[in-house]
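K.L.:
One structure coming up, written as structure tokens, with questions to follow.
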Amino acid sequence: MKIAQVAPLYESVPPKLYGGTERVVSYLTEELVNQGHEVTLFASGDSVTKARLISPCEQSLRLDAACIDHLAHHVLLLEQVSREAPNFDMIHFHVDYMHFPLSRHNHLPNVTTLHGRLDLPDLVPLYKDFREMPLVSISNAQRIPLPWVNWQATVYHGLPEDLYELHPGEGRYLAFLGRISPEKGVDVAIEIAKRVGIELRIAAKIDRVDEPYYRETIEPLLDDSRIEFVGEIGEAEKNEFLGNAMALLAPGDWPEPFGLVMIEAMACGTPTVGLGRGSIPEVIDDGKSGFAIQNVDEAVAAVNKIHDLSRRTCRETFTQRFTASRMARDYVEVYHRLLEAKGTKSGSPGKESWKTSSA
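Number 43 in numbering that gives the first Met the number 0 belongs to position 44 of the sequence shown; there are no gaps in the numbering.
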């Protein structure tokens with residue numbers, strides 16, 4: 000099958016540091032290539048892939064100090080996709096709704112994975128107007144605000160099976176990995192660690208918009224010798240950071256769409272203690288690969304019995320549910336189903352059933 004993967008341009012594919020969506024796009028792209036598909040990746044020019052790479056910008060936008068207008072690069076991205084569209088059986092977008100007018104008016108064979116939260120009132124009129132757009136959710140919980148859109152499947156994220164390894168030791172500290180922002184609950188993670196008297200290491204990105212929150216709310220909480228702010232880390236450092244942790248803390252008070260870090264920890268054998276909102280009860284097998292808790296008191300109790308869980312079982316849960324090979328197979332099923340519904344066979348782009356703009 001000839002497949003296009005269209006990534007956001009804020010981070011490279013895979014990201015140099017933080018970046019959940021672009022990381023998933025990378026795992027999916029490489030696995031589709033491994034499974035024999037002909038894949039083109041639309042992403043920033045500093046991306047690394049075995050697929051054919053088309054780039055509207057030389058480097059990822061977040062790390063480009065000279066970039067002022069991010070939207071300009073994404074408009075160029077859509078133009079490049081439009082020009083190349085006749086070469087693909089399926090175009091898989093990861094840029095939210097940005098492509099909807101293009102895909103509608105040019106009848107592109109498309110599917111969109113939504114990677115973010117959907118509980119925003121601004122989204123309702125847009126998705127009502129574009130009800131026909133085929134969408135994939137990354138958890139069933141993510142769908143709740145918009146149950147009436149054109150959902151095709153829920154496809155859980157997956158990681159390459161050899162990306163992380165099982166760390167059988169009990170771990171020496173608690174870990175927080177992600178982004179500094181109010182909804183992520185870093186302050187709650189610190190409270191949990193202080194109450195149980197265990198070291199907490201925080202590996203987190205700070206976006207410019209969250210710098211005041213970090214300075215005013217989080218930085219004053221770092222005055223305890225047991226709390227260490229590590230800063231932003233990349234893929235190469237995660238295996239040791241997560242694998243040597245006793246548990247991952249995920250106390251974010253928001254409707255988490257998936258939570259990639261939880262399966263990264265799981266792949267290392269490290270259980271998660273997470274607030275049971277959004278996708279967390281779907282991703283964590285409560286009492287097996289972690290604990291889904293409702294408040295700080297429950298989190299403290301969960302940390303105190305974390306050694307009752309088997310790290311080997313955590314790893315086995317990962318291999319059963321969250322590998323990149325399973326993720327790619329699930330997406331290929333979606334592609335085939337959409338093409339069959341349009342009467343287009345994979346292997347030869349459906350130039351009879353969709354057209355590019357001739358205006």
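Positions of the beta carbon are idealized from the N, C-alpha and C atoms, including for glycine. Nothing here was measured: the structure is a model prediction, and the numbers come from that model.
Could you check where the beta strand (DSSP E) with Gly-289 kicks off and where it finishes?
P.N.:
Taking the first residue of the sequence shown as position 1, residue 289 is located at position 290. Note, Gly-289: beta strand (DSSP E), 289–292.
K.L.:
Going by C-alpha to C-alpha distance, which of Asn-86, Ala-340, Tyr-330 and Thr-318 sits closest to Leu-158?
P.N.:
For the purposes of this step, residue 158 is taken as residue 159 along the sequence shown, with counting starting at 1. Nearest option by C-alpha distance: Thr-318.
K.L.:
Can you give me the C-alpha to C-alpha distance between Arg-276 and Arg-336, rounded to a whole angstrom?
P.N.:
One-based indexing of the sequence shown puts residue 276 at position 277. One-based indexing of the sequence shown puts residue 336 at position 337. If I take the Cα positions, the gap works out to 31 Å.
K.L.:
Extract the residue ranges of the alpha helix (DSSP H) inside the stretch 254–334, only unbroken runs of 4 or more that lie entirely within it.
P.N.:
The stretch 254–334 contains these whole alpha helix (DSSP H) runs: 259–266, 279–282, 295–303 and 310–320.
K.L.:
Checking 8 Å against the spacing of the C-beta atoms, do Ile-137 and Tyr-155 come in under that value?
P.N.:
The sequence position of residue 137 within the sequence shown is 138, counting from 1. The sequence position of residue 155 within the sequence shown is 156, counting from 1. Yes. Within cutoff.
K.L.:
Going by beta-carbon coordinates alone, are Ile-226 and Asp-186 separated by less than 8 Å?
P.N.:
If you number the sequence shown from 1, residue 226 lands on position 227. If you number the sequence shown from 1, residue 186 lands on position 187. Contact: no.
K.L.:
Thinking C-alpha only, which one of Leu-70, Leu-76, Asn-243 and His-69 is nearest Pro-55?
P.N.:
Within the sequence shown, the letter at position 56 stands for residue 55. Among Leu-70, Leu-76, Asn-243 and His-69, the Cα nearest to that of Pro-55 is on Leu-76.
K.L.:
Report, in whole angstroms, the separation of the C-beta atoms of Lys-183 and Gly-258, which I expect to be a contact under 8 Å.
P.N.:
Locating residue 183 in the sequence shown gives position 184, where the first residue counts as 1. Locating residue 258 in the sequence shown gives position 259, where the first residue counts as 1. That belief does not hold up - the Cβ atoms of Lys-183 and Gly-258 are roughly 11 Å apart, past 8 Å.
K.L.:
Check the C-beta distance from Asn-243 over to His-166 and give it rounded, since I have them as a contact under 8 Å.
P.N.:
On the sequence shown, position 244 is the one that residue 243 refers to. On the sequence shown, position 167 is the one that residue 166 refers to. Confirmed, Cβ separation roughly 6 Å.
K.L.:
Determine the DSSP secondary structure at Gln-34, reduced to helix, strand or coil.
P.N.:
Within the sequence shown, the letter at position 35 stands for residue 34. In this structure, Gln-34 counts as coil in the three-state DSSP scheme.
K.L.:
Let me confirm a value: Gln-293 is counted as buried when at least 16 other C-beta atoms fall within 10 Å, else exposed. Which label applies?
P.N.:
As a working mapping, residue 293 is identified with position 294 in the sequence shown. It is exposed - the Cβ of Gln-293 has fewer than 16 other Cβ atoms within 10 Å.
K.L.:
Tell me which residues share the same chain as Ala-327 and place their Cβ nearer than 7 Å to its Cβ, disregarding the 5 neighbours each side in the sequence.
P.N.:
Looking up residue 327 in the sequence shown gives position 328. Around Ala-327: Leu-27, Glu-30, Leu-31 and Gln-34.
K.L.:
So, using beta-carbon positions, are Arg-214 and Val-299 closer together than 8 Å?
P.N.:
Reading the sequence shown from its first residue, position 215 is the one you call residue 214. Reading the sequence shown from its first residue, position 300 is the one you call residue 299. The answer is no: Cβ separation not under 8 Å.
K.L.:
Residues in the same chain with beta-carbon distance under 7 Å from Ala-266, minus the five sequence neighbours each way, listed in chain order, please.
P.N.:
On the sequence shown, residue 266 is found 267 positions in, with the first residue counted as 1. Answer for Ala-266: Leu-158, Leu-162, Tyr-163, Arg-314 and Phe-317, listed in chain order.
K.L.:
Starting from Ile-189, follow the alpha helix (DSSP H) in both directions and report where the run begins and ends.
P.N.:
Numbered from 1 along the sequence shown, position 190 holds the residue referred to as residue 189. Start and end: 185–195.
K.L.:
Please list, in chain order, all residues of the same chain as Ala-358 whose beta carbon is under 8 Å from its beta carbon, the five residues on each side excluded.
P.N.:
Here the question's residue 358 lines up with position 359 in the sequence shown. With a pLDDT of only 27 at Ala-358, under the threshold of 50, the placement of this residue in the model should not be trusted; the figure read from the coordinates follows. Hits under 8 Å: none found.
K.L.:
Using a Cβ-Cβ cutoff of less than 7 Å, which residues in the same chain neighbour Asn-131 once the five nearest sequence positions on both sides are dropped?
P.N.:
Indexing the sequence shown from 1 puts residue 131 at position 132. Residue 131 is actually Glu in this sequence, not Asn. So the qualifying residues of the chain are Asn-149.
K.L.:
Quick one: what's got a C-beta closer than 6 Å to Phe-290's C-beta in the same chain, skipping five residues either side?
P.N.:
Taking the sequence shown and counting its residues from 1, the one referred to as residue 290 is at position 291. Closer than 6 Å at the Cβ level, and outside the excluded window around Phe-290, lie Val-272 and Ala-301.
K.L.:
Do you know how far the Cα of Glu-236 is from the Cα of Ile-283?
P.N.:
Counting from one through the sequence shown, the residue named residue 283 turns up at place 284. Counting from one through the sequence shown, the residue named residue 236 turns up at place 237. Answer to the nearest angstrom: the Cα atoms are 23 Å apart.
K.L.:
For Val-94, does the count of other Cβ atoms within 10 angstroms reach 16, so buried, or fall short, so exposed?
P.N.:
Here residue 94 is taken as the residue at index 95 of the sequence shown, counted from 1. By the 10 Å Cβ count, Val-94 comes out buried.
K.L.:
Is it buried or exposed, Val-74, if we count other Cβ atoms within 10 angstroms and call 16 or more buried?
P.N.:
On the sequence shown, residue 74 is found 75 positions in, with the first residue counted as 1. Its Cβ having fewer than 16 others within 10 Å, Val-74 is exposed.
K.L.:
According to DSSP, Lys-1 sits in a beta bridge with which residue or residues?
P.N.:
Start at 1 with the first residue of the sequence shown, and residue 1 comes out as number 2. DSSP lists Glu-37 as partners of Lys-1.
K.L.:
Taking its Cβ as the centre, do 16 or more other Cβ atoms sit within 10 Å of Pro-108, making it buried, or is it exposed?
P.N.:
Within the sequence shown, numbered from 1, the residue matching residue 108 stands at position 109. With 16 or more Cβ atoms within 10 Å of its Cβ, Pro-108 is classed as buried.
K.L.:
Please classify His-166: does DSSP put it in a helix, a strand, or coil?
P.N.:
Here residue 166 refers to the residue found at position 167 of the sequence shown. His-166 falls in the coil class under three-state DSSP.
K.L.:
How close, in whole Å, do the beta carbons of Ser-59 and Leu-52 come, if the pair is a contact with beta carbons under 8 Å?
P.N.:
Position 60 of the sequence shown, counting from 1, holds the residue named residue 59. Position 53 of the sequence shown, counting from 1, holds the residue named residue 52. With 8 Å as the limit, Ser-59 and Leu-52 do not qualify as a contact, their Cβ atoms being about 13 Å apart.
K.L.:
Look at the alpha carbon of Leu-8 and the alpha carbon of Asp-307, and state the distance between them as a whole number of angstroms.
P.N.:
For the purposes of this step, residue 8 is taken as residue 9 along the sequence shown, with counting starting at 1. For the purposes of this step, residue 307 is taken as residue 308 along the sequence shown, with counting starting at 1. The straight-line gap from Cα to Cα measures roughly 42 Å.
K.L.:
Ignore the nearest five residues each way along the sequence and tell me which others in Ser-180's own chain have a CB closer than 6 Å to its CB.
P.N.:
Stepping through the sequence shown from its first residue, residue 180 is reached at position 181. These residues qualify, in order along the chain: Asp-209.
K.L.:
Excluding the five sequence neighbours on either side, which residues of its own chain have a C-beta within less than 7 Å of the C-beta of Glu-255, listed in chain order?
P.N.:
Indexing the sequence shown from 1 puts residue 255 at position 256. Arg-276, Gly-277, Ser-278 and Ile-279, listed in sequence order.
K.L.:
Quick one: using the 10 Å Cβ neighbour count with 16 as the cut-off for buried, is Ile-143 buried or exposed?
P.N.:
As a working note, residue 143 is residue 144 in the sequence shown. Under this definition Ile-143 is an exposed residue.
K.L.:
If we call anything under 8 Å between Cβ atoms a contact, is Tyr-17 one with Arg-116?
P.N.:
One-based indexing of the sequence shown puts residue 17 at position 18. One-based indexing of the sequence shown puts residue 116 at position 117. No, they are not a contact pair.
K.L.:
How many Å lie between Phe-129 and Glu-281 at the Cα?
P.N.:
Stepping through the sequence shown from its first residue, residue 129 is reached at position 130. Stepping through the sequence shown from its first residue, residue 281 is reached at position 282. So the alpha carbons of these two residues sit roughly 28 Å apart.
K.L.:
Between Ala-249 and Val-260, is the Cβ-Cβ spacing less than 8 Å?
P.N.:
Position 250 of the sequence shown, counted from the first residue, corresponds to residue 249. Position 261 of the sequence shown, counted from the first residue, corresponds to residue 260. Cβ atoms of Ala-249 and Val-260: closer than 8 Å.
K.L.:
At what residue ranges does the stretch 80–117 contain a whole run of the alpha helix (DSSP H), taking only runs of 4 or more?
P.N.:
Runs found: 99–105.
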